[in-house]
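Protein chains in written order, with the working numbering: chain A, 1 to 155; chain B, 156 to 310. What follows is a single structure, written as structure tokens, with notes after it.
2 protein chains.
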Amino acid sequence: MSLSTDFERDLLADIPLARAMQLSVRDYSADELVLAAPLAPNVNDKGCAFGGSLGSLLTLAGWGLIVLHLRQTGRDCDVFVQDSQMRYLAPVWGDFSAHARLGEGETWQAFSETLATRGRARTRVHCRVPLPEAGDACTLEARFVAIAKSPIGAG
Amino acid sequence: MSLSTDFERDLLADIPLARAMQLSVRDYSADELVLAAPLAPNVNDKGCAFGGSLGSLLTLAGWGLIVLHLRQTGRDCDVFVQDSQMRYLAPVWGDFSAHARLGEGETWQAFSETLATRGRARTRVHCRVPLPEAGDACTLEARFVAIAKSPIGAG
């Protein structure tokens, strides 16, 4: 199975709220991870997407981008979100998706080098829920830390 | 029934994810709204509380604080979150609660006066998930806007 199929299976197995949201992995490349969710289980009192669902999908997309990169490069790490800034720009009236990329100025090379040297590394991720026509419904800038499970040099 | 019981019933009826989280209203005063959730439906892959559940509960607590104030004062408004900053400080290994209060320097009086004059008003809310011993597991600073449903002077 592909890396992204395994990742979707793990998310749905391990996180009950991901199941409740009916989350799926839509697309994955080295540069971008796209998670998707239908509106119905994620609706709010106004009939549009619930802010908590949008924030959860955005945060999971950012987290997943790093987790998938680490799986691809064979590093065994725990990945934690440290902080995030979210902007709600327009309501979402249909099914939606969250697109995650590294933040401006961040590179996988710098991240991997720090991780190899220090056993932990931080990076910023930019995530957005695009509107069907153009522009974004919401954006999330988040900072994550990856911590190697086995100490450096321990094998 | 009390205002907070009605609010809990509405949340669970209108927002499927609030049901999935098994959210409840623990306490409400003019100054503070406390929402609670059990760990089991809100767990992540590491066995502690999922960041998306923490963010959702914090955002709903902030939103609810304003919605309940407006219901108490008889104003018919829509309330939207505009932006938020979240900090994850420590993992949560048990059931948890989100406590929402007005942000520093904000007052209900200023909020109500602006709403009465302009038909809309913004306010900042400070929300936190306390740790069982002391300190916070995470915090959220969020800005909300309330928009009157009927135009000023329309009755």
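The beta-carbon is built from N, C-alpha and C at its ideal position, and this holds for glycine as well.
Could you work out which residues of chain B lie near residue i, taking near to mean beta carbons separated by less than 9 Å?
i	result
A/Q85	D238, S239, Q240, M241
A/L17	L172, A175, M176, P196, N197, V198, N199, F205, G207, S208, S211
Quick one: list the residues of chain A neighbouring residue i, beta-carbon separation under 9 Å, in chain order.
i	result
B/A276	None at all; the shortest Cβ gap to chain A is about 17 Å.
B/D165	D45
Helix, strand or coil for residue i per DSSP?
i	result
A/F80	strand
B/V222	helix
B/A309	Note that B/A309 scores 45 on pLDDT, short of 50, meaning its location in the model is unreliable; the coordinates nonetheless yield the value given after this. In the structure shown, B/A309 sits in coil (DSSP, three-state: anything other than H, G, I, E or B).
B/Q240	strand
A/S56	helix
A/L23	coil
B/R273	helix
B/E261	coil
B/E187	coil
B/L172	helix
B/A297	strand
A/A90	coil
B/A303	strand
Relative to the C-alpha of residue i, which candidate in the options has its C-alpha closest?
i	options	result
A/E8	A/A30, A/A37, A/E133	A/A37
B/G217	B/Y243, B/S239, B/D250	B/S239
B/D186	B/L286, B/Q264, B/L166	B/Q264
B/D169	A/A134, A/D95, A/N44, A/L115	A/N44
A/A134	A/L17, A/L89, A/R122	A/L89
A/R75	A/A40, A/T114, A/A98, A/A49	A/T114
B/L354	B/S157, B/L215, B/L188	Nothing in the structure corresponds to residue 354 of chain B, since chain B is present only between 156 and 310.
B/V222	B/H254, B/C293, B/L188	B/L188
A/V129	A/Q82, A/K149, A/R120, A/F50	A/F50
B/Y183	B/G207, B/R226, B/A175, B/G202	B/R226
B/A292	B/A303, B/H254, B/S159, B/A301	B/H254
A/G105	A/L23, A/T123, A/L3	A/T123
B/S157	B/M176, B/S305, B/P246, B/V180	B/V180
A/R120	A/F80, A/C127, A/S56, A/M21	A/F80
B/L295	A/N42, A/M21, A/G52	A/G52
A/I147	A/V125, A/L23, A/M21, A/A116	A/A116
B/V247	B/K201, B/T228, B/L257, B/S267	B/K201
B/F266	B/C232, B/G249, B/S211, B/M241	B/C232
B/M176	A/N42, A/D10, A/S4	A/N42
B/F251	B/T160, B/T262, B/L209, B/T228	B/L209
A/C48	A/T5, A/L65, A/D6, A/G94	A/G94
A/K149	A/Q82, A/R118, A/L12	A/R118
Following the continuous beta strand (DSSP E) through residue i, name the residue where it begins and the one where it ends.
i	result
A/S97	96-102
A/F50	Where A/F50 is concerned, there is no enclosing beta strand (DSSP E), given that its DSSP letter is neither H nor E.
B/E288	No beta strand (DSSP E) contains B/E288, which DSSP labels as neither H nor E.
Just curious, the alpha helix (DSSP H) that residue i is in, first and last residue?
i	result
B/L167	158-169
Within the present structure, is the beta-carbon of residue i separated from the nearest heavy atom of the ligand FMN by less than 8 Å?
i	result
B/A292	Ligands displayed in this structure: none; no statement on the ligand FMN is therefore possible.
So with CB distances below 7 Å, who are the chain A contacts of residue i?
i	result
B/L223	Chain A residues near B/L223: none, gap ~14 Å exceeds 7 Å.
B/D182	Within chain A, no residue comes near B/D182; the closest Cβ sits about 20 Å away, beyond 7 Å.
Just to make sure I have the definition right: I need the residues of chain A whose C-beta is within less than 8 Å of the C-beta of residue i. Which are they?
i	result
B/D161	Per Cβ cutoff of 8 Å: no residues; B/D161 is ~13 Å from chain A at best.
B/T214	G51, G52, G55
B/D231	Going along chain A, no residue has its Cβ under 8 Å from B/D231, so there is no contact; the nearest lies around 14 Å.
Which bits of chain B does residue i rub up against, with CB to CB less than 8 Å?
i	result
A/D95	Near A/D95 there are no residues of chain B at all, since even the closest Cβ is about 14 Å away, more than 8 Å.
A/D136	Within chain B, no residue comes near A/D136; the closest Cβ sits about 13 Å away, beyond 8 Å.
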